[in-house]
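To convert, take the position in the sequence shown, counting from 1, and add 6; that gives the numbering used here.
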Amino acid sequence: MNDGGVVNNAGYSLGPAAVAPGSIAAVFGGNLNNGSSVTSSSFGPDGRLVTTLSGASVRINNSPAPLFYSTPGQLGVQIPFELVGQTSATIQVTVGAQTSVSRTIVLDSFAPGIFTASRDGRGAAAALHQDGVTAVSAQSPARPGEIIVLYATGLGSVTPPLATGAPSTGNRTVTTPIVTIDGVAGEVLFSGAAPGFVGLNQVNVRIPASTRTLSTIPVVLSVAGRTGNPVTIAVGP
């Protein structure tokens, strides 16, 4: 496991940037599993996300962490909600009888990141139109006044609280983020854990009427003074 190799799985801020309890984090390193790649996870008999994939398991402060995907060079994990209020934690990866060195990760109550279409934290946001199906793109731009859906992680605690690894039923975030679009704050109609998912935040925001028509309109999400990775959306007339 790389030193500083645990980062927000949406924004990919370089370590030692903080990650938030309940969020999805990417763990980078080498020989992190049995050599196979699993790009999706499943729920166990307890209704929670499994904690072993492709022979890999992760312990954070000695507690098993749910896994979203597993490749030899990268694992997707949920930072346990139980770490709320702590400023750091230890993390180790185990593959078979081999356990990695222990690394320390920085924690913060909020560490926002927006998922992007390129899956690297850069460029166009992985945004959907209000129908929840059609992607916002240069070929299908959003419109001023339209409500779009952004996907993020690291927006903090939700209410009612969720257990680590448990899917959401639409639990709202305790703190509502600010989303600026083309430099103007958009109306946030919903901010919460995306229904049916683990660790994924959904933010429904209305595009300000003053927004220009451009394929790379800047979008910035911040919560409690922490700002996520800058992304863009396409807006048409």
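All C-beta atoms in this analysis are idealised placements derived from N, C-alpha and C, irrespective of residue type, glycine included. Small disclaimer: the values here were computed from a predicted structure and weren't measured.
Exposure of Ser-124, with buried meaning 16 or more beta-carbon neighbours within 10 Å: For the purposes of this step, residue 124 is identified with residue 118 of the sequence shown, where counting begins at 1. By the neighbour-count rule (16 or more Cβ atoms within 10 Å), Ser-124 is not buried but exposed.
Which one or two residues does DSSP pair with Asn-207 in a beta bridge? Indexing the sequence shown from 1 puts residue 207 at position 201. Looking at the DSSP assignment, Asn-207 forms a beta bridge with Ala-158, Ala-199.
Hey, quick one: how far does the beta strand (DSSP E) through Ala-95 stretch, first residue to last? Within the sequence shown, the letter at position 89 stands for residue 95. Taken as a continuous stretch (DSSP letters only), the beta strand (DSSP E) holding Ala-95 covers 94–101.
In angstroms with no decimal places, state the Cα-to-Cα distance between Asn-207 and Ser-106. Position 201 of the sequence shown, counted from the start, is the residue given in the question as residue 207. Position 100 of the sequence shown, counted from the start, is the residue given in the question as residue 106. Approximately 30 Å between the Cα atoms of the pair.
How would you call Gln-84, buried or exposed, if buried means at least 16 neighbouring beta carbons within 10 angstroms? The residue given as residue 84 occupies position 78 in the sequence shown. Under this definition Gln-84 is a buried residue.
Unbroken beta strand (DSSP E) run spanning Leu-227, endpoints: Numbered from its first residue, the sequence shown carries residue 227 at position 221. First-last of the beta strand (DSSP E) with Leu-227: 220–229.
Hey, would you say Val-241 sits closer than 8 Å to Ile-223, going by beta carbons? What you label residue 241 is simply residue 235 of the sequence shown in a count that begins at 1. What you label residue 223 is simply residue 217 of the sequence shown in a count that begins at 1. Yes, they are a contact pair.
Val-209 and Val-225 - do their beta-carbons sit closer together than 8 Å? For this step, residue 225 is matched to residue 219 along the sequence shown. For this step, residue 209 is matched to residue 203 along the sequence shown. No; because the gap between Cβ atoms is not below 8 Å, this pair is not in contact.
Within 8 Å, strictly: CB atoms of Ile-213 and Ala-148: Within the sequence shown, residue 213 is the residue found at index 207, counting from 1. Within the sequence shown, residue 148 is the residue found at index 142, counting from 1. Yes, these two residues count as a Cβ contact at 8 Å.
Relative to the C-alpha of Ser-60, which residue among Pro-51, Asn-68, Gly-53, Thr-45 is closest? Taking the sequence shown and counting its residues from 1, one reaches residue 60 at position 54. When only C-alpha atoms are compared, the closest one is Thr-45.
Quick check on the burial criterion: 16 or more other C-beta atoms within 10 angstroms. Buried or exposed for Asn-68? As a position in the sequence shown, residue 68 is number 62, starting the count at 1. Classification for Asn-68: exposed.
Alpha carbon to alpha carbon, what distance is there between Pro-72 and Thr-170? The residue given as residue 170 occupies position 164 in the sequence shown. The residue given as residue 72 occupies position 66 in the sequence shown. Those two C-alpha atoms are separated by around 8 Å.
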